[in-house]
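Asker: For the protein sequence lines, the chains are Y and E, in the order given. Counting in our numbering, the first sequence runs from 87 upward without gaps. Counting in our numbering, the second sequence runs from 22 upward without gaps. Quick one: structure below, then a few questions.
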Amino acid sequence: MAIIETENLTKRFKKVTAVDRLNLTIERGEIFGLVGPDGAGKTTTFRLLTAIMNPTEGRATVAGYDTVKEPEEIKKLIGYMPQRFSLYGDLSVMENLHFFADIFEVRGTEREERIRTLLHFSRLEEFQGRRADHLSGGMQKKLALACTLVHKPQILFLDEPTTGVDPISRREFWDILSNLHLEGVTLLVSTPYMDEAERCSRVGLMFEGKMIVCDEPEKVKGLVRGEVIELRPQPLPKAWEIIEGWEGALDVQVYGGLLHVFVEDGERGMRQLETLLASHGVTVEGMHQIRPRMEEAFVSLIRREQEDAAL
Amino acid sequence: MKIRKTLSVMRKETWHIIRDRRAVFLVTISPVFLLITFAYTLSVKIEDVPLAVMDYDGTSLSRRYVNELTSGKDFHLRFYASDYSEIERLLLQGDVRAAVIIPPHFMNDALGLRGAQLQIIVDGTEPNTGNFALAHIASFTDYFATRILQRSLEKTRPSLVSLAPIDLRVRTWYNPSLKSVVGMVPALIALVLTLPAVSVSLAITREKEQGTFEQLIATPLSRFELLVGKLTPYIASGLLDVALCALVGVFWFGVPFRGNFLLYLLLAADFFFASLSMGLLISAFVSSQQVAMIASLLIFLFPGFFMSGLFFPISSMPPLMRMESYSLPTTHFVIISRGLFVKGLGLESLWPYALALFFTGLLVLGLTTLFFRKRL
Ligand SMILES: Nc1ncnc2c1ncn2[C@@H]1O[C@H](COP(=O)(O)OP(=O)(O)O)[C@@H](O)[C@H]1O
Ligand SMILES: [Mg+2]
């Protein structure tokens, strides 16, 4: 049986529909990535699923419990790490851990052992006595994760756990998550970083409250129409303008000094592009075909969604 | 409700208080500070009221009257007026706030016990000063008259002398001097002790603002555990305030403490139970500290000032307002504090108020548990 299931789950605020008829099924043991730009509705989805906010319409069950009717049952089983740092800044690392151990009723030797393990894996042993608000951003995130793990939750909800964290800590963080995944914990992680989405068993792309796609990373990448050519043109703005106007381009995306051009056929596209740009006096360096990454996939999927909406 | 979880919230809350210098100030020093400020502001002694005198009598007795009236700190004799229009002018220009007019035959009438008359004119634009002047001149005149009476009676019928001082004492009851405001200190204590209720409403809204509330409600911590855990440390800090305020009342303002101090603490805890529950109820509805602050000041401090019987007797309020008065915990505690502190009353006469507070607390805490949702 699915551990999380939603049925037309909808949350409307005065001005926006933050979550729009979401139908989502997550199996036990998955590591599910929720990606999407700011304002897509990720946080609201988490709040609905952690039973701290009531939906306007639709319903959701977590571990078989209804989020509206049996919220307290859900809360015993889950760990939730909100997007904002939400531990007590004036309490030390240890005091925060003990507080959460208390309210989840983790006691005795189990508690001591648990806290020791958590301090170890989050590498906060040396900082036990330090006030939480005197920790670095990355350490705060790790402490927050440790606090949500104190009671060994079955399902873990992590809302943008790596936003604002340096790349090395991000890596460490994902290694921890992978370990939890291996231990059998079901994880729901939101992130604005597309490379992190690659590490999930499935990803869902949210945009303006809707789930645009929801599949395994490889399959999501397969949804991209055409093939991708990467090139470094000089001057770039001019090249971009030319290619945008070219009927052979399905989509053009800029990445730094690079252009990614989506075409039906890579080989032919490269030949056509070369002559096109040369005729306008644009020099091109290192043109080659690439496999679309998550990032290209999402950008082109969102663009397609926007175009459909405009029609 | 699980004791361990509740204790844990209590411990955490205590840490929040003692680690935040502002919070320490708010829950310990500020009630005492407010008490002293209020007591002094309300007891600003009116002194040196500028006075004009018009003496048509011009006898030794009238001169003695004026001398004695203006010899103290209360009045400052600024002008001897020679006619009525001058008095009018002086009052109009604000050169004097009061005038005493002594008619001809004052001495004769007084000594002959024919009811000597005096005219007092007071500037009503400043009612406080006006009332003060009126009351002082009246009581002084009474006192003066009694002594004259006494002396003339001594000559004629010595056995009746003891009648006189009674009247004098009755008059000094109405003396709005420092002494009576100091007598207000116990009631003021009841007023300033609404501050912990403000603190507790801030304690929950602070968690809402800082986002820790979101984390907390996603755990199995029950509403009741959370509310009781929040309430208890603030009741404890409130009891500390009671002790501090009582000390200030006794040693700074010299108000005698005649009741049982332990009973006072117990009834104060009862009062905090009611008022802090109200603070919690506020925080169930608002999500910003600023709104919580304004709401609790509107609910506690201002009505506490005007409706708790602190200044205006409740019995003279219209019925609807009287009902509102009695729904305020402060009203009951003003009565308790006055009765126990100054008059030394015990539970045998204060129990109705104690009971009212207790049931208010139960009702409000019940309502809070009802309205307080573990939802965003
Ligand atoms: N409490 C709220 N009241 C009103 N609008 C909200 C509230 N929470 C979120 N929104 C709106 O809902 C949309 C989705 O927000 P959110 O779920 O926070 O997205 P994300 O986490 O993906 O950035 C946004 O447009 C946001 O402004
Ligand atoms: Mg968000």
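C-beta atoms are modelled at their ideal positions from N, C-alpha and C, and glycine is treated no differently.
#1: Beta carbon of residue 137 of chain Y: closer than 7 Å to some heavy atom of ligand 1?
#2: Does the beta carbon of residue 225 of chain Y sit closer than 8 Å to a beta carbon anywhere in chain E?
#3: Could you please go through the chain and list the residues whose beta-carbon is closer than 5 Å to any non-hydrogen atom of ligand 1?
#4: DSSP has residue 178 of chain Y in a bridge; who is on the other side?
#5: Going by the DSSP bridge assignment, what does residue 112 of chain Y pair with across the sheet?
#6: Let's see if you can read the secondary structure: which residues bound the beta strand (DSSP E) around residue 319 of chain Y?
#7: Run through the DSSP bridge pairs and tell me what residue 375 of chain Y is partnered with.
#8: Does the CB of residue 373 of chain Y have a neighbour CB from chain E at under 8 Å?
#9: What are the partner residues of residue 369 of chain Y, as DSSP defines its beta bridges?
#10: When you measure from the CB of residue 245 of chain Y to every non-hydrogen atom of ligand 2, does any distance come out below 7 Å?
#11: Can you tell me the Cα-Cα spacing of residue 127 of chain Y and residue 389 of chain Y, whole angstroms?
#12: What do you reckon, are the CB atoms on residue 427 of chain E and residue 247 of chain Y nearer than 8 Å?
#13: Is there contact between the stretch 236-250 of chain Y and the stretch 154-165 of chain Y, where contact requires at least three CB pairs shorter than 8 Å?
#14: Assuming residue 217 of chain E contacts residue 293 of chain E under a Cβ cut-off of 8 Å, what Cβ separation, rounded to an integer in Å, is found between them?
#15: Expressed to the nearest angstrom, what Euclidean distance is found between the alpha-carbon atoms of residue 201 of chain Y and residue 97 of chain Y?
#16: Would you mind listing the beta strand (DSSP E) stretches within the stretch 92-176 of chain Y that are 3+ residues and don't spill past its ends, in chain order?
#17: Return helix, strand or coil for residue 300 of chain Y, following the three-state DSSP convention.
#18: Which complete alpha helix (DSSP H) runs does the stretch 270-347 of chain E hold, if anything under 4 residues is left out?
#19: Name the DSSP bridge partner or partners of residue 245 of chain Y?
#20: How would you call residue 34 of chain E, buried or exposed, if buried means at least 16 neighbouring beta carbons within 10 angstroms?
#21: Taking one C-beta from the stretch 215-231 of chain E and one from the stretch 34-51 of chain E each time, how about it: are there three or more such pairs within less than 8 Å?
#22: Using a Cβ-Cβ cut-off of 8 Å, state whether residue 136 of chain Y counts as contacting chain E.
#23: Report all residues from its chain with a CB closer than 6 Å to the CB of residue 305 of chain E; omit the five preceding and five following residues, and keep chain order.
#24: Per DSSP, which one or two residues make a beta bridge with residue 71 of chain E?
#25: Do residue 169 of chain Y and ligand 2 come close, with the Cβ less than 7 Å from some heavy atom?
#26: Using 8 Å for Cβ pairs, my map puts residue 363 of chain E next to residue 330 of chain E. What's the rounded Cβ distance?
#27: Do residue 189 of chain Y and residue 241 of chain E have their C-beta atoms within less than 8 Å of each other?
#28: Throw me the rounded Cβ distance for the residue 402 of chain Y and residue 94 of chain Y pair, which I believe falls under 8 Å.
#29: Indicate whether at least one CB of chain Y lies closer than 8 Å to the CB of residue 258 of chain E.
#30: Under 7 Å Cβ-Cβ, which residues of chain Y neighbour residue 41 of chain E?
#31: To the nearest angstrom, how far is it from the Cα of residue 400 of chain Y to the Cα of residue 396 of chain Y?
#32: Inspect the beta-carbon positions of residue 342 of chain E and residue 328 of chain E and report whether they are closer than 8 Å.
#33: Shorter than 8 Å from the beta carbon of residue 200 of chain E to some beta carbon of chain Y?
#34: In whole angstroms, give me the CA-to-CA distance for residue 23 of chain E and residue 54 of chain E.
Answerer: Once the coordinates are examined:
#1: Looking up residue 137 of chain Y in the first sequence gives position 51. The closest heavy atom of ligand 1 lies 7 Å or more from the beta carbon of residue 137 of chain Y.
#2: Taking the first sequence and counting its residues from 1, the one referred to as residue 225 of chain Y is at position 139. Chain E, which has no Cβ nearer than 8 Å to the Cβ of residue 225 of chain Y, makes this no.
#3: Y:99, Y:102, Y:104, Y:124, Y:125, Y:126, Y:127, Y:128, Y:129 and Y:130
#4: Counting from one through the first sequence, the residue named residue 178 of chain Y turns up at place 92. Note: residue 178 of chain Y sits in a beta bridge opposite Y:217.
#5: Taking the first residue of the first sequence as position 1, residue 112 of chain Y is located at position 26. DSSP lists Y:90 as partners of residue 112 of chain Y.
#6: Within the first sequence, residue 319 of chain Y is the residue found at index 233, counting from 1. First-last of the beta strand (DSSP E) with residue 319 of chain Y: 313-320.
#7: The residue labelled residue 375 of chain Y in the question sits at position 289 within the first sequence. In the DSSP secondary-structure assignment, residue 375 of chain Y is bridged to Y:315.
#8: Indexing the first sequence from 1 puts residue 373 of chain Y at position 287. Between residue 373 of chain Y and chain E, the shortest Cβ-Cβ separation is not below 8 Å.
#9: Position 283 of the first sequence, counting from 1, holds the residue named residue 369 of chain Y. Beta-bridge pairing links residue 369 of chain Y to Y:320.
#10: Numbered from its first residue, the first sequence carries residue 245 of chain Y at position 159. True, at least one ligand heavy atom lies under 7 Å from that Cβ.
#11: As a first step, residue 127 of chain Y is located in the first sequence; it is residue number 41 there, counting from the start. As a first step, residue 389 of chain Y is located in the first sequence; it is residue number 303 there, counting from the start. About 18 Å.
#12: Because chain E here runs from 22 to 397, residue 427 of chain E falls outside it and cannot be looked at.
#13: yes
#14: Translated into the one-based positions of the second sequence, residue 217 of chain E becomes position 196. Translated into the one-based positions of the second sequence, residue 293 of chain E becomes position 272. Between residue 293 of chain E and residue 217 of chain E the Cβ distance is about 6 Å, and since that is below 8 Å, they are a contact.
#15: Numbered from 1 along the first sequence, position 115 holds the residue referred to as residue 201 of chain Y. Numbered from 1 along the first sequence, position 11 holds the residue referred to as residue 97 of chain Y. Cα to Cα, the separation comes out at about 37 Å.
#16: 103-108, 117-121, 143-148 and 164-167
#17: Translated into positions along the first sequence, residue 300 of chain Y becomes position 214. Strand, per DSSP.
#18: 282-306, 310-317 and 323-328
#19: Position 159 of the first sequence, counted from the start, is the residue given in the question as residue 245 of chain Y. DSSP lists Y:276 as partners of residue 245 of chain Y.
#20: Indexing the second sequence from 1 puts residue 34 of chain E at position 13. Its Cβ being crowded by 16 or more others within 10 Å, residue 34 of chain E is buried.
#21: Short answer: they touch.
#22: Within the first sequence, the letter at position 50 stands for residue 136 of chain Y. Cβ-Cβ to chain E under 8 Å: yes for residue 136 of chain Y.
#23: The residue labelled residue 305 of chain E in the question sits at position 284 within the second sequence. Closer than 6 Å at the Cβ level, and outside the excluded window around residue 305 of chain E, lie 389, 392 and 393.
#24: The count along the second sequence starts at 1 and reaches residue 71 of chain E at position 50. DSSP output for residue 71 of chain E lists E:97 as bridge partner(s).
#25: In the first sequence, residue 169 of chain Y corresponds to position 83, counting from 1. Residue 169 of chain Y: yes, Cβ under 7 Å from ligand 2.
#26: Residue numbering aside, residue 363 of chain E sits at position 342 when the second sequence is read from its first letter. Residue numbering aside, residue 330 of chain E sits at position 309 when the second sequence is read from its first letter. Residue 363 of chain E to residue 330 of chain E, Cβ: 14 Å. No contact.
#27: Taking the first sequence and counting its residues from 1, one reaches residue 189 of chain Y at position 103. Taking the second sequence and counting its residues from 1, one reaches residue 241 of chain E at position 220. Yes; because the gap between Cβ atoms is below 8 Å, this pair is in contact.
#28: Examination of residue 402 of chain Y is not possible in this model, given that chain Y is present from 87 through 397 alone.
#29: Taking the second sequence and counting its residues from 1, one reaches residue 258 of chain E at position 237. Not closer than 8 Å to any Cβ of chain Y, the Cβ of residue 258 of chain E fails to qualify, so no.
#30: Position 20 of the second sequence, counted from the start, is the residue given in the question as residue 41 of chain E. Per Cβ cutoff of 7 Å: 176.
#31: No statement about residue 400 of chain Y is possible, as the shown extent of chain Y runs from 87 to 397 and does not include it.
#32: What you label residue 342 of chain E is simply residue 321 of the second sequence in a count that begins at 1. What you label residue 328 of chain E is simply residue 307 of the second sequence in a count that begins at 1. A contact, by the Cβ cut-off of 8 Å.
#33: Taking the second sequence and counting its residues from 1, the one referred to as residue 200 of chain E is at position 179. No answer about residue 200 of chain E holds up, because its pLDDT of 49 lies below 50 and its placement is not dependable.
#34: Within the second sequence, residue 23 of chain E is the residue found at index 2, counting from 1. Within the second sequence, residue 54 of chain E is the residue found at index 33, counting from 1. Using only the alpha carbons, I get a separation of about 38 Å.
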